[in-house]
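Going down the list, the sequences are from chains D, E, Z and A. The first sequence begins at 2 in the numbering used here and counts up by one. The second sequence begins at 2 in the numbering used here and counts up by one. The third sequence begins at 2 in the numbering used here and counts up by one. The fourth sequence begins at 2 in the numbering used here and counts up by one. Built from N, CA and C at the ideal position, the CB exists for glycine as well. These numbers were taken from a predicted model, which means no experiment stands behind them.
Number of protein chains: 4
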Amino acid sequence: MAANKIKAGIIGGAGYTGGETLRLLLSHPDVVVHFVQSRSQIGKKVSDIHKDLLGDTQLLFTDTVDDETDVLFLCLGHGESKLFLNENAISSSTRIIDLSQDFRLGEKSNDRTFVYGLPELHKSAIRKSQNIANPGCFATAIELGLLPLAQAGLLKDVNTTGITGSTGAGQKSQETTHFSWRTNNISAYKTLTHQHLREINNTIKHLQPGFGDSIYFVPWRGDFTRGIFVSSVIRIEADLTELNKLYQDFYSGAAFTLVSDSMIDLKQVINTNKCLIYLEKEGDRLVVHSAIDNLLKGASGQAIQNMNLMFGLDEKSGLRLKSTVY
Amino acid sequence: MAANKIKAGIIGGAGYTGGETLRLLLSHPDVVVHFVQSRSQIGKKVSDIHKDLLGDTQLLFTDTVDDETDVLFLCLGHGESKLFLNENAISSSTRIIDLSQDFRLGEKSNDRTFVYGLPELHKSAIRKSQNIANPGCFATAIELGLLPLAQAGLLKDVNTTGITGSTGAGQKSQETTHFSWRTNNISAYKTLTHQHLREINNTIKHLQPGFGDSIYFVPWRGDFTRGIFVSSVIRIEADLTELNKLYQDFYSGAAFTLVSDSMIDLKQVINTNKCLIYLEKEGDRLVVHSAIDNLLKGASGQAIQNMNLMFGLDEKSGLRLKSTVY
Amino acid sequence: MAANKIKAGIIGGAGYTGGETLRLLLSHPDVVVHFVQSRSQIGKKVSDIHKDLLGDTQLLFTDTVDDETDVLFLCLGHGESKLFLNENAISSSTRIIDLSQDFRLGEKSNDRTFVYGLPELHKSAIRKSQNIANPGCFATAIELGLLPLAQAGLLKDVNTTGITGSTGAGQKSQETTHFSWRTNNISAYKTLTHQHLREINNTIKHLQPGFGDSIYFVPWRGDFTRGIFVSSVIRIEADLTELNKLYQDFYSGAAFTLVSDSMIDLKQVINTNKCLIYLEKEGDRLVVHSAIDNLLKGASGQAIQNMNLMFGLDEKSGLRLKSTVY
Amino acid sequence: MAANKIKAGIIGGAGYTGGETLRLLLSHPDVVVHFVQSRSQIGKKVSDIHKDLLGDTQLLFTDTVDDETDVLFLCLGHGESKLFLNENAISSSTRIIDLSQDFRLGEKSNDRTFVYGLPELHKSAIRKSQNIANPGCFATAIELGLLPLAQAGLLKDVNTTGITGSTGAGQKSQETTHFSWRTNNISAYKTLTHQHLREINNTIKHLQPGFGDSIYFVPWRGDFTRGIFVSSVIRIEADLTELNKLYQDFYSGAAFTLVSDSMIDLKQVINTNKCLIYLEKEGDRLVVHSAIDNLLKGASGQAIQNMNLMFGLDEKSGLRLKSTVY
């Protein structure tokens, strides 16, 4: 019965992560979508903006927050979540999952404190939390590739290259999201200075406090819409069998993160909430490859995973997604 | 309980439609995958071939058909289904859904007769049938665009152009499925002679017996992997309001076929079982656009829809799929 | 010596056709680029906007037209060429090649009359002309596919579907040129009402005066950047051998339009000035496939071809381009 | 007059690099294509295999080598060039440019010694050479990104990630060149073990003899057909201004290698013979980005550049190519 279902609201429902959160919630067996807010699209049919939802929902975009909301997903731009919570009185019984970067480094909003929502690291804290700061997309892919090494205290310099799809850049038109520019193109951006480095270093130091913030991360723009593929190179003495065991153990209880025993490719995870990891070793260098769907495990999927944990549901509820694969 | 679930088997599980059928069945709430057969991959892990299924199944490919099977999906090449049924004694209590073209024109196998599995046209026959001939991908998209006109006896000459993704050509390597050839490329093939024309004409004449087989169909190869987009031009006097009403009425009970009131695009349906239709009229020419995912509504999704009907399940069971959209 | 070279100026040099015209002129053996004007980019380095030209030119965008210009390429939006010629006094000795649609239907500007610049049809008039209205991209592909039939008086109803790359939509950001939308997507637009229909009908009637403007043209947006592929279906009694001879004869003197004896694909012409044509016949229906690069034979390449004719140069001068092919 | 032109022959003319070499030679002002050999396509029209050349050449594939050949391009698979030269008596007056990796490390064939054909490093030796070992595609992009540092003795550990188009994998069908697999996909291969590392280390040590072979190179498969984009991260104390000057000086005489003062992207170089380089510095880490077209500067274009030098022609002759850019 809908009466027993979790009432979910979405703030910023017209963008990519808002739409993707909505898609997941609409078919989640334990949730009813209570409202979808969007300042830019008030009053319009949700399916006029997210046209793939034609026939799936009759909802209109609202401009208000309903008090009777069990969980609120903030799908706003960076800086806007903080602003939204300052300007709107949200019932203290409403849990918040924020997809922006506003609360990932321990920032508070009024009395609300936020748990960094990476279930592979903080599952029990997430279960007890009222507020979640959902990790960044590159941060998720890079952290999941490094956490077992951090726990073992093995990280020194890390050289990481990552490539991301166009949806990582959001819906706003820019030269680099123009089809005529991006098709068949590759370029780098925010070389060594990507904003996710802060939460990555923070997360690694949670496990390996002495880590020296020495991740040299080169992000690339890829000519595809969805997905992140990352390769990290680390100098390590341990042999590959040991390292594979380390990873297998670390992720033995993970719902969506898997260590592969053969090379991975990006499309294995597209339209799923999985993170796949593959290790290779040559001489004293370990290479860790990891892959996620930036909108799912890198954003909305992980947000639902966090919601599942917060509400005591099966961690995979609503997240058994058919991959696109081809 | 699995004991009450439908036991499904897949013949030809290593190909595209076999894999896609498997993906759908693995998360279908009323089905348990009993076995996946493949002559070429016997004994291998299913997830070593369909690598996106890593973590989702421990099944190995088999080479035998289990007698205790409720429904058998034949995901074989054209001509091979007939051969398979000739060479294998399938229990008479096992229902068969054949994805090849072998039984779409009324062909029989031993005592088995096949219902053409287009739910929008033959829903009640499908519900009572033991054996289904699942429609072709282009056939599905074109027929759904024309059926309301056929029912009203309005079809004369039809000029149709359709474009299909590379998965329509199957897994075997050919020049035209080589990435270096197909990327950014368009070409035509089987001009006016596509094999689906037989079932399309057959289906139309079911509703409009006097139709003169006058569909002039130009198929194009598209530079994408999934999906079919079709535009049909027909000379018709009726005005657009009437025609929209005709279509809305015809599809009022359809689970997945929807008439849009604005232009459609291919990605609205990708990774879903939907067919979207949009009508435009200019002078005395009607243009009907229709779009499907060739592997879902055009193959495996429609097969599951047929299974749902045959077994008295909710027609949408296991088919509430998250679109990829971006 | 530069002193003997044709001095060319470009108006609107920051857009796609302006940039492509510039690329061709920079390596044209008989031309020197005199100036490149752009209202939006005055004073900037040309290679800062057209970044592929780094190392190829030191030119800056200007805002003025130099009087000592032998030929002026107007690479402006539709309506803007007319405005530009009204507002700027261009020396009467300067020849004009206009890439907009402003003068394609016989419109005049002051005393200037324009020849429709399709060399396959109007070569001798182009040679003698002072002003050229360069044909539209879809118009070029469709007309070249139909002209031999028009000359033979064989055209009745024509059903045409065409697909175009994103560069056909220009540089301005729109939803349908956003990478996240357009990748792997297909949709229709301007169904049966595309603006090029006027010049197409006009051109056909030049050869077949009784033609009834009965081209039913459905344009599609393709998920690639460059190129147009068109298939036209026509009811015709003549057999294929006759028709091929008709086309071969018609294009025997054409510098860039070729009749293929096997199926064509789009990438055969990308980054070249060619138009390829292929004929198929089934029953009483002829299908004519044609393919061009929309920015070259469909715009800037044809403009240079016209310039070559106007100035008595080898028609292929500066247009022996290496195709991209892969 | 053709009589004064260089007579060029191609061995292995049906593959990607053979085709690309042929395209360049056909429009080279100082060359006549004497013959195109292919064992697999003997007697067929060249334009039936390289269909973009329809109308550009009437040549047929041959199976013999003509003695009156001034320069022979070996466009064969790795290992096959050595075999070819063993099995065929090539006139001592015929110069050889080998595109395979067979002679890049100083290997000889009979009396023939080969100069490593990287004009930025060995221009004067190339001018005097009879035989050229044309560099590998990844090798070219990586070396050009590192040579100025090697000359200054500044290289220690180098962490490099590179991405390559599908044409880098050749024409043979494989799972990873199937369109349905590769579209929108990314994966790694030959991690830290790519065969080009040998020639890269060899070339670096030519300038910095003490270099410790410490390039950690992770190659990725990209979802595009043409191009290589590389980012190398190096620990270096020198500041960015100095480093830019170092690169500018090193490449001041280079015909096609340019140091950009803003971020580069892959499409700036596609369908050209350019290599673009861009430097960034953050803390003590230098990042060098470099981009080439793998079939041009990474293969056939560089081969023509070497030919130009060997025959005393303008280094850019036949290589002023229009980029595709969009």
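For this session: Within 10 angstroms of the Cβ of leucine 241(A), are there 16 or more other Cβ atoms? Answer buried if so, exposed if not.
Result: exposed
Problem set entry | phenylalanine 257(E) versus Gly56(D), Leu23(D), Ser41(D), residue with shortest Cα-Cα distance | Gly56(D)
For this session: Could you tell me the boundaries of the alpha helix (DSSP H) in which lysine 206(D) lies?
Result: 197-208
Problem set entry | lysine 157(A) to arginine 24(D) span [Cα, whole Å] | 49 Å
Exercise. Quick one: Cα of isoleucine 12(Z) to Cα of arginine 96(Z), how far?
Worked result: 13 Å
Exercise. Based on Cα-Cα distance, which residue from Thr273(E), Gly302(E), Tyr190(E), Phe251(E) lies nearest to alanine 151(E)?
Worked result: Phe251(E)
Exercise. Hey, glycine 154(A) and asparagine 135(A) are a contact pair by Cβ (cut 8 Å); roughly how many whole angstroms apart?
Worked result: No, glycine 154(A) and asparagine 135(A) are not in contact; Cβ-Cβ is about 27 Å, not under 8 Å.
For this session: Would you tell me roughly how many angstroms separate the C-alpha atoms of proline 120(A) and glycine 302(A), rounded to the nearest one?
Result: 12 Å
Problem set entry | aspartate 71(A) versus glycine 313(A): straight-line alpha-carbon distance, rounded | 13 Å
Problem set entry | Euclidean distance between Cα positions of arginine 183(Z) and threonine 226(Z) | 10 Å
For this session: Pick helix, strand or coil for lysine 323(E), following the three-state DSSP scheme.
Result: coil
Exercise. Exposed or buried, leucine 287(A), counting other C-beta atoms within 10 Å across all chains shown (16 or more means buried)?
Worked result: buried
Exercise. If you draw a straight line from the C-alpha of glutamine 42(D) to the C-alpha of glycine 14(D), how long is it?
Worked result: 9 Å
Problem set entry | Cβ-based neighbour list, valine 34(A), same chain, cut-off 7 Å, excluding 5 preceding and 5 following | Ala9, Leu23, Leu26, Leu27, Leu60
For this session: Look at the Cβ atom of serine 232(E), then the Cβ atom of histidine 290(E), and state whether they are nearer than 8 Å.
Result: yes
Problem set entry | Coil, strand or helix - histidine 123(Z) by DSSP | helix
Exercise. Residues in the region 254-265 of chain E with C-beta within 8 Å of chain Z's C-beta atoms, listed in sequence order?
Worked result: Met264, Ile265
Exercise. Residues bridged to cysteine 276(E) by DSSP?
Worked result: Thr258(E), Ile293(E)
Exercise. DSSP state of valine 47(D), grouped into three classes?
Worked result: helix
Exercise. Cα-Cα, which of Leu54(Z), Arg40(Z), Gly20(Z) is closest to leucine 277(A)?
Worked result: Leu54(Z)
For this session: Can you grab the Cα-Cα spacing for the pair arginine 105(Z) / histidine 179(E), in whole Å?
Result: 41 Å
Problem set entry | Where isoleucine 143(A) sits in the DSSP three-state scheme | helix
Problem set entry | Run of the alpha helix (DSSP H) containing serine 181(E), from where it starts to where it stops | 180-183
Problem set entry | Rounded straight-line distance, which links the Cα of isoleucine 50(E) to that of methionine 2(D) | Its pLDDT being 44, under 50, methionine 2(D) is placed unreliably in this model, and the coordinates cannot settle the point.
Problem set entry | Candidates Ser215(A), Glu144(A), Thr114(A), Lys317(A), of which the one nearest glutamine 131(A) by Cα | Thr114(A)
Exercise. Where asparagine 245(E) and glutamate 281(E) are concerned, what is the direct C-alpha to C-alpha distance, given to the nearest angstrom?
Worked result: 9 Å
For this session: State the DSSP-derived secondary structure class of arginine 227(D), mapped to helix, strand or coil.
Result: coil
Problem set entry | For methionine 2(Z), three-class secondary structure by DSSP | The pLDDT assigned to methionine 2(Z) is 43, lower than 50, so where the model puts this residue is not dependable, and the model offers no usable value.
For this session: Tell me whether lysine 282(Z) sits in a helix, a strand or coil according to DSSP, three-state version.
Result: strand
Exercise. Using a Cβ-Cβ distance under 8 Å, would valine 1(A) count as near chain D?
Worked result: Since the first residue shown for chain A is 2 and the last is 327, residue 1(A) is missing from the structure and cannot be characterised.
Exercise. If we count the other Cβ atoms within 10 Å of its Cβ and call it buried at 16 or more, is glycine 107(E) buried or exposed?
Worked result: exposed
Exercise. When we look at the beta-carbon of arginine 40(Z) and count the other beta-carbons within 10 Å, is it buried (16 or more) or exposed?
Worked result: exposed
Exercise. Hey, leucine 84(E) and alanine 304(E): beta-carbon distance below 8 Å or not?
Worked result: no
Exercise. At a Cβ threshold of 8 Å, is arginine 183(E) touching chain D?
Worked result: no
Problem set entry | According to DSSP, residues forming a beta bridge with serine 110(A) | Arg113(A)
Problem set entry | Cα-Cα separation between glutamine 209(E) and isoleucine 235(E), rounded to whole angstroms | 15 Å
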